[in-house]
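Peer 1: Counting with our numbering, you get residues 41 to 604 for the letters of the sequence shown. Think of the CB as a built atom: it goes at the ideal place given N, C-alpha and C, for glycine as much as any other residue. These numbers come from a predicted model, not from an experiment.
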Amino acid sequence: TQGLKSNSRRCQNFIKISLVLWCKYKTLKRNKKYSLVWVGFVSIFIICTFGCSSNNKIDSQHVFRLNVHENINTLDPAYARDLRSIWAMNQIFNGLVRLDDELDIQPDIATHWEISEDAKTYLFYLRDDVYFHRSEIFGDQKTRVVTASDFVYSFDRIKDKKIASPGLWTLESVKHYEAVDDNTLKIVLTHPYSPFLGILSMKYLSVLPKELDDLPNNTISTKPIGTGPFYVKAWMQNLKMVLRKNKLYFETNEKGEQLPHLESVAITFVPEKQSEFLLFLQGKLDMINSLDASYKDELLDKNGQLQKKYRNSIKLLRSPYLNTEYIGIYLDNNKAEIQSIDLRKALNYGLDRKGMIRFLKNNIGSPATKGFIPDGLNTNLAVRGYSYNIKKAKEHVEQFRIDSGIQNPTLSLASDENYVDLCTYLQNTYNQIGITINIEVMPSAALREAKSNGKLELFRASWIADYPDPENYLLPYFSENFSPNGPNYTHFKSKRFDEGYKEIAATLDADRKNNLINSLDQQLVDTAPFILLYYDEVLRFTHPNVEGMFPNPVNMLDLRRVRK
Numbered sequence: 041t042q043g044l045k046s047n048s049r050r051c052q053n054f055i056k057i058s059l060v061l062w063c064k065y066k067t068l069k070r071n072k073k074y075s076l077v078w079v080g081f082v083s084i085f086i087i088c089t090f091g092c093s094s095n096n097k098i099d100s101q102h103v104f105r106l107n108v109h110e111n112i113n114t115l116d117p118a119y120a121r122d123l124r125s126i127w128a129m130n131q132i133f134n135g136l137v138r139l140d141d142e143l144d145i146q147p148d149i150a151t152h153w154e155i156s157e158d159a160k161t162y163l164f165y166l167r168d169d170v171y172f173h174r175s176e177i178f179g180d181q182k183t184r185v186v187t188a189s190d191f192v193y194s195f196d197r198i199k200d201k202k203i204a205s206p207g208l209w210t211l212e213s214v215k216h217y218e219a220v221d222d223n224t225l226k227i228v229l230t231h232p233y234s235p236f237l238g239i240l241s242m243k244y245l246s247v248l249p250k251e252l253d254d255l256p257n258n259t260i261s262t263k264p265i266g267t268g269p270f271y272v273k274a275w276m277q278n279l280k281m282v283l284r285k286n287k288l289y290f291e292t293n294e295k296g297e298q299l300p301h302l303e304s305v306a307i308t309f310v311p312e313k314q315s316e317f318l319l320f321l322q323g324k325l326d327m328i329n330s331l332d333a334s335y336k337d338e339l340l341d342k343n344g345q346l347q348k349k350y351r352n353s354i355k356l357l358r359s360p361y362l363n364t365e366y367i368g369i370y371l372d373n374n375k376a377e378i379q380s381i382d383l384r385k386a387l388n389y390g391l392d393r394k395g396m397i398r399f400l401k402n403n404i405g406s407p408a409t410k411g412f413i414p415d416g417l418n419t420n421l422a423v424r425g426y427s428y429n430i431k432k433a434k435e436h437v438e439q440f441r442i443d444s445g446i447q448n449p450t451l452s453l454a455s456d457e458n459y460v461d462l463c464t465y466l467q468n469t470y471n472q473i474g475i476t477i478n479i480e481v482m483p484s485a486a487l488r489e490a491k492s493n494g495k496l497e498l499f500r501a502s503w504i505a506d507y508p509d510p511e512n513y514l515l516p517y518f519s520e521n522f523s524p525n526g527p528n529y530t531h532f533k534s535k536r537f538d539e540g541y542k543e544i545a546a547t548l549d550a551d552r553k554n555n556l557i558n559s560l561d562q563q564l565v566d567t568a569p570f571i572l573l574y575y576d577e578v579l580r581f582t583h584p585n586v587e588g589m590f591p592n593p594v595n596m597l598d599l600r601r602v603r604k
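1. Please report the Cβ distance between Val481 and Asp506, rounded to the nearest whole angstrom; I am assuming they are in contact, meaning their Cβ atoms lie under 8 Å.
2. What does the Cβ neighbour count give for Gly344, buried or exposed, with the cut at 16 atoms within 10 Å?
3. Less than 8 Å between the CB atoms is what I'm expecting for Asn134 and Val282, so what's the real figure, rounded?
4. Does DSSP classify Phe236 as helix, strand or coil?
5. Quick one: grab the DSSP three-state call for Ala333.
6. What did DSSP end up calling Arg167 once you bin it into helix, strand or coil?
7. Going by C-alpha distance, which of Ile404, Pro449 and Tyr119 is nearest Gly474?
8. In its own chain, which residues sit with a C-beta less than 7 Å from the C-beta of Asp372, not counting the 5 before and 5 after it?
9. CA-CA distance, Tyr207 and Asn528?
10. Among residues of its own chain, excluding the 5 on either side of Gly268, which ones have a beta-carbon nearer than 6 Å to its beta-carbon?
11. What does Asp216 pair with, by DSSP beta-bridge criteria?
12. Taking just the CA atoms, how far does Asp140 sit from Leu240?
13. Which residue from Gly296, Leu252, Ile367 and Leu466 puts its Cα closest to that of Met396?
14. What residue from Leu237, Tyr574 and Ala408 has the CA that sits closest to Lys160's CA?
15. Let me check understanding here. Comparing Cα to Cα, which of Arg384, Ile177 and Asp116 lies closest to Asp254?
16. Looking at the unbroken alpha helix (DSSP H) that takes in Met242, where does it start and where does it end?
17. Measuring straight from C-alpha to C-alpha, what distance separates Lys348 and Gln322?
18. Considering just the uninterrupted stretch of the beta strand (DSSP E) at Trp33, what are its terminal residues?
19. What is the DSSP secondary structure of Arg441, counted as helix, strand or coil?
20. For a test of the three-state rule: what should DSSP assign to Val82, helix, strand or coil?
21. Do you know offhand how far Ser205's Cα is from Arg121's?
22. At a Cβ threshold of 8 Å, is Val602 touching chain C?
23. Measuring alpha carbon to alpha carbon, tell me which residue in Leu302, Asp561, Ser213 and Asn525 is nearest Gly540.
24. Need the endpoints of the alpha helix (DSSP H) that Leu391 sits in, please.
25. What is the rounded straight-line gap between the Cα of Ser492 and the Cα of Lys375?
26. Within the continuous alpha helix (DSSP H) that includes Tyr193, where are the two ends?
27. Tell me, please, which residues DSSP counts as bridged to Lys290.
28. With C-beta atoms as the reference, is Pro407 less than 8 Å away from Arg393?
29. Rounded to whole angstroms, how far is the Cβ of Pro591 from the Cβ of Arg580, which I believe are closer than 8 Å?
30. If distances are taken between C-alpha atoms only, which option among Trp275, Asp337 and Ala333 comes closest to Phe309?
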């Protein structure tokens with residue numbers, strides 16, 4: 041009661057101040073500095089608006105606070121292409137299936153499914169207790185149960201040219217889909233496609249209510265209606281987003297307790313990573329994701345462990361990340377250094393990846409000494425990659441000199457400013473084996489355009505899996521995906537590789553698929569259209585009172601089971 045009285049008095053004072061400023065508005069307007077005062081007035085008004093709602097006050101123990109560095113532009117799952125938006129959408133929406141922390145396919149809204157013998161027809165059987173978030177679009181009832189026709193509507197949106205969803209490719213293998221009845225969805229593929237269930241776990245294919253189709257002004261991007269554990273309570277662009285617990289959520293934990301455990305999620309948009317780190321140390325954030333160069337040595341020692349002074353106050357959570365960092369080589373460049381397999385192998389043998397990771401990343405990640413496919417995909421591959429062997433590197437450089445007559449091989453490496461330290465490390469490393477590297481620093485947008493249009497010799501890049509299947513790591517080297525129309529930025533081309541890639545996508549035989557994947561990844565390594573650097577890790581730092589958070593290889597944020 042005392043707290044409410046105190047809050048009430050505070051609100052009254054805010055209102056008095058606001059009214060005084062409002063009455064002085066004409067006077068302020070004549071002052072050249074009035075705009076700064078007006079900003080102050082608006083700030084007070086915002087505080088008053090959020091601070092006076094004492095009836096909705098939540099114990100901070102039940103609020104999870106996190107920060108993302110860029111504004112979330114939309115909450116429409118049709119545009120779920122960046123991690124910050126996907127994190128928010130994962131709290132708001134559900135799909136037919138989901139991934140667990142081991143990347144195995146698990147039921148979500150679908151309780152189970154059947155696959156035909158020809159692997160082209162899927163029947164999904166839906167739960168009958170999944171309700172949409174409360175909304176006026178459902179009339180007096182304010183909500184209703186999800187049906188198969190909602191999935192039909194949601195898939196239709198992805199295919200709608202007016203929507204122009206970047207997730208259109210997720211349905212490329214789908215020939216037809218229909219609602220057999222309220223609880224049964226039928227999907228027919230054009231051909232057997234082994235990664236299909238994994239693709240269905242993506243946020244693009246989340247379910248939306250079909251009533252949205254009847255609204256003249258669809259506000260799904262700012263006022264989403266999902267089925268997830270949280271719903272959007274408030275959203276101020278570039279400032280803050282507040283999610284509240286969905287009391288109609290259908291899942292429970294192993295003890296039968298309803299999920300989620302948290303009452304609210306508060307997301308801020310502080311762009312500076314150093315500022316975010318300080319807020320975390322002050323206890324104003326419950327988690328930070330990843331490790332920034334500005335504080336990596338403050339937080340971690342060179343062995344990748346927490347510094348002693350933080351070991352009792354911070355928890356470090358880590359997992360393999362489906363992210364391969366590499367230097368791409370544009371093979372359609374006629375320059376002798378690019379076309380020489382000897383020089384490309386010299387670049388791979390001449391790199392001390394363990395030393396690089398220790399020096400630049402405090403031992404976060406693992407050396408990419410196998411193939412392009414990283415750890416974390418539950419595959420048993422036996423690809424022979426490049427270990428550090430300076431003798432072999434120099435032998436390949438000498439062979440290049442003999443074959444080409446070029447005594448001082450020179451290459452240009454392009455990157456944005458975030459990776460200048462990496463490029464400088466490579467420059468110094470390759471100078472020791474007789475290869476000169478010129479570094480070209482470009483704005484990120486210019487770098488992406490030049491990479492797509494084949495204007496770069498060497499370029500820093502990474503490949504983060506779109507879906508958890510090894511096939512996704514071979515996709516960037518399929519010749520039909522040549523940039524700028526696809527992600528084959530190196531313009532690697534091989535008839536044998538293309539035929540094998542098509543067979544991988546079509547086969548459901550696990551052993552046959554694994555053998556093909558191993559063979560094609562080995563072919564990539566042997567041809568060396570890249571310099572493999574390292575396989576990344578997911579890092580999350582939390583306070584000791586945060587429980588139930590588990591990092592995963594796709595770096596998905598799942599707050600259903602988190603407690604404080």
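Peer 2: For this structure:
1. Numbered from its first residue, the sequence shown carries residue 481 at position 441. Numbered from its first residue, the sequence shown carries residue 506 at position 466. The Cβ separation is near 28 Å, so there is no contact.
2. Position 304 of the sequence shown, counted from the start, is the residue given in the question as residue 344. Counting other Cβ atoms within 10 Å of its Cβ, Gly344 reaches 16 or more and is therefore classed as buried.
3. Here residue 134 corresponds to residue number 94 of the sequence shown, with the count starting at 1. Here residue 282 corresponds to residue number 242 of the sequence shown, with the count starting at 1. Between the beta-carbon of Asn134 and that of Val282 there is about 20 Å, and that puts the pair past the 8 Å contact cut.
4. One-based indexing of the sequence shown puts residue 236 at position 196. In the structure shown, Phe236 falls within a helical segment according to DSSP collapsed to helix, strand and coil.
5. By 1-based counting over the sequence shown, the position of residue 333 is 293. DSSP places Ala333 in coil when its eight states are reduced to three.
6. Taking the first residue of the sequence shown as position 1, residue 167 is located at position 127. Taken through DSSP and simplified to helix, strand or coil, Arg167 comes out as coil.
7. Sequence index remark: in the sequence shown, residue 474 carries index 434 (1-based). Residue Pro449 holds the alpha-carbon nearest to the alpha-carbon of Gly474 among Ile404, Pro449 and Tyr119.
8. Residue 372 sits at position 332 when you count from the first residue of the sequence shown. Contacts found: Gly494 and His531.
9. To locate residue 207, count along the sequence shown from 1; it is residue 167. To locate residue 528, count along the sequence shown from 1; it is residue 488. Rather than Tyr, the amino acid found at residue 207 in this sequence is Gly. So the alpha carbons of these two residues sit roughly 18 Å apart.
10. Taking the sequence shown and counting its residues from 1, the one referred to as residue 268 is at position 228. Around Gly268: Gln131, Ile132, Phe133 and Asn134.
11. Taking the first residue of the sequence shown as 1, we reach residue 216 at position 176. At residue 216 the sequence reads His, which differs from the Asp that was named. Paired residues: Val228.
12. Residue 240 sits at position 200 when you count from the first residue of the sequence shown. Residue 140 sits at position 100 when you count from the first residue of the sequence shown. In a straight line, the C-alpha of Leu240 is about 14 Å away from that of Asp140.
13. For this step, residue 396 is matched to residue 356 along the sequence shown. Selected option, being the one with the closest Cα: Leu466.
14. Along the sequence shown, one-based indexing puts residue 160 at 120. When only C-alpha atoms are compared, the closest one is Leu237.
15. In the sequence shown, residue 254 corresponds to position 214, counting from 1. Ranking Arg384, Ile177 and Asp116 by Cα distance to Asp254 puts Ile177 first.
16. The residue you call residue 242 lines up with position 202 of the sequence shown. Note, Met242: premise wrong, no alpha helix (DSSP H); not H, not E.
17. Taking the first residue of the sequence shown as position 1, residue 348 is located at position 308. Taking the first residue of the sequence shown as position 1, residue 322 is located at position 282. It is roughly 18 Å from the alpha-carbon of Lys348 to the alpha-carbon of Gln322.
18. With the chain covering 41 to 604 only, the question about residue 33 has no answer from this structure.
19. Here the question's residue 441 lines up with position 401 in the sequence shown. If DSSP states are grouped into helix, strand and coil, Arg441 belongs with the helices.
20. The residue given as residue 82 occupies position 42 in the sequence shown. Confidence in Val82 is poor, its pLDDT being 48 and thus under 50, which makes the residue's placement unreliable; the coordinate value appears in the next sentence. The DSSP-derived three-state label of Val82 is helix.
21. The count along the sequence shown starts at 1 and reaches residue 205 at position 165. The count along the sequence shown starts at 1 and reaches residue 121 at position 81. So the alpha carbons of these two residues sit roughly 9 Å apart.
22. As a matter of chain content, chain C is missing from the structure shown, which is built from one protein chain.
23. On the sequence shown, position 500 is the one that residue 540 refers to. Put simply, of Leu302, Asp561, Ser213 and Asn525 the residue whose alpha carbon is nearest the alpha carbon of Gly540 is Asp561.
24. Here residue 391 corresponds to residue number 351 of the sequence shown, with the count starting at 1. That residue, Leu391, is in no alpha helix (DSSP H); it is neither H nor E in DSSP.
25. Translated into the one-based positions of the sequence shown, residue 492 becomes position 452. Translated into the one-based positions of the sequence shown, residue 375 becomes position 335. Going from the Cα of Ser492 to the Cα of Lys375 covers about 18 Å.
26. Within the sequence shown, numbered from 1, the residue matching residue 193 stands at position 153. Element bounds for Tyr193: Ala188 to Lys199.
27. On the sequence shown, residue 290 is found 250 positions in, with the first residue counted as 1. For the record, residue 290 in the displayed sequence is Phe; it is not Lys. Phe290 is not bridged to any residue.
28. Within the sequence shown, numbered from 1, the residue matching residue 407 stands at position 367. Within the sequence shown, numbered from 1, the residue matching residue 393 stands at position 353. Against a cut-off of 8 Å, the Cβ pair of Arg393 and Pro407 comes out as a contact.
29. Indexing the sequence shown from 1 puts residue 591 at position 551. Indexing the sequence shown from 1 puts residue 580 at position 540. That belief holds up - the Cβ atoms of Pro591 and Arg580 are roughly 5 Å apart, short of 8 Å.
30. Within the sequence shown, residue 309 is the residue found at index 269, counting from 1. Cα-wise, what sits closest to Phe309 is Trp275.
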